[in-house]
Amino acid sequence: MDFDEQFLFLSFLFLECVFLYLMTQENRRWWVRPIFRERNEKGAFRNIFTHMKTKDPEMFFKYTRMLPDQFDSIMCLLKPKLLKHSRREYLSPALKLAMTLKFLAHGGSFQSLSWEFRVGHSTVSKVIFETCTAIWDTMQPIYLKSPTEQEWINISHQFSNRWNFPHTLGAIDGKHVHIQCPLNSGSLYYNYKNHFSIILLACCDADYKFIWADIGAYGSEHDARC
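Each residue of the sequence shown is one higher than the one before, starting from 1 at the first, in the UniProt record's numbering.
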């Protein structure tokens, strides 16, 4: 192939790439779907969540598993990690927390949350992961920090005095949490109950308060051995 033929071939290839790009742009009907542009006017955060928070605390508790004042306290802790500045319209930290609490309290699919809060499906996934990470990073050192030596001794005394269990540092138990099988994971997450799971292992003191937790061990590991 001489130079002229190479030039013609590359020119044709370039024009084909340009054509395909333009076709892709034409098929994209909008930059932001109209339903998402109406988030602030018709989304669940403004029309359901905010209404319950200000006027119906009982329903708010069922929706989030917490009281409005507790939500505000958590919001103050998480806001620095959830606040993002962008030239495009961004999601408020309160909306991110509300969406995450709805998912944690009631489950459901990311698609249903997308429709409910009028946020893109992929954005819902990113928001929930970001918010859960912020919750752990911010609140774990405050509410679930490792006990000191003296605190372990106090816990042992409480078990002995209240429950007649001497030399006890905690009540521990595990729970298999159902999951969809991760790609290329083989049987790592397949447990003895014949479904896929990760293991939640937690320890409580004599007052039923959590003092330690580990989440994420393979379901194939028996919860008694974790």
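Built from N, CA and C at the ideal position, the CB exists for glycine as well. Predicted model only: the values in this text are computed from it and were never measured.
Where the alpha helix (DSSP H) through residue i begins and ends
{"i": "V127", "result": "H121 to Y143"}
{"i": "F165", "result": "Per DSSP, F165 belongs to no alpha helix (DSSP H) and is neither H nor E."}
{"i": "I74", "result": "P68 to L82"}
{"i": "S109", "result": "Unbroken run through S109: none, as it is neither H nor E."}
{"i": "K62", "result": "P57 to T64"}
{"i": "K42", "result": "R39 to K42"}
Pair within 9 angstroms by beta-carbon distance, residue i and residue j
{"i": "W163", "j": "A217", "result": "no"}
{"i": "T131", "j": "L83", "result": "no"}
{"i": "T168", "j": "F159", "result": "yes"}
{"i": "E155", "j": "I211", "result": "Checking the sequence shown, residue 155 turns out to be Ile, not Glu. Contact: yes."}
{"i": "L95", "j": "F117", "result": "yes"}
{"i": "N191", "j": "H222", "result": "yes"}
{"i": "I74", "j": "I128", "result": "no"}
{"i": "L201", "j": "D173", "result": "yes"}
{"i": "S197", "j": "H176", "result": "yes"}
Proximity test, residue i beta-carbon vs the ligand ZN heavy atom, cut-off 8 angstroms
{"i": "I74", "result": "The ligand ZN is not among the ligands present in this structure, which contains no ligands whatsoever."}
Endpoints, the beta strand (DSSP E) within which residue i is located
{"i": "F210", "result": "F210 to Y218"}
{"i": "I199", "result": "S197 to C204"}
{"i": "K175", "result": "A171 to H178"}
Environment of residue i [buried if 16+ CB atoms lie within 10 Å]
{"i": "T100", "result": "buried"}
{"i": "P141", "result": "exposed"}
{"i": "P80", "result": "exposed"}
{"i": "S11", "result": "exposed"}
{"i": "T64", "result": "buried"}
{"i": "G219", "result": "buried"}
{"i": "E26", "result": "Its pLDDT being 48, under 50, E26 is placed unreliably in this model, and the value from its coordinates should be taken loosely. E26 comes out exposed."}
{"i": "I179", "result": "exposed"}
{"i": "S114", "result": "buried"}
{"i": "G107", "result": "exposed"}
{"i": "A213", "result": "exposed"}
{"i": "G43", "result": "buried"}
{"i": "Y90", "result": "exposed"}
{"i": "Q150", "result": "exposed"}
{"i": "H51", "result": "exposed"}
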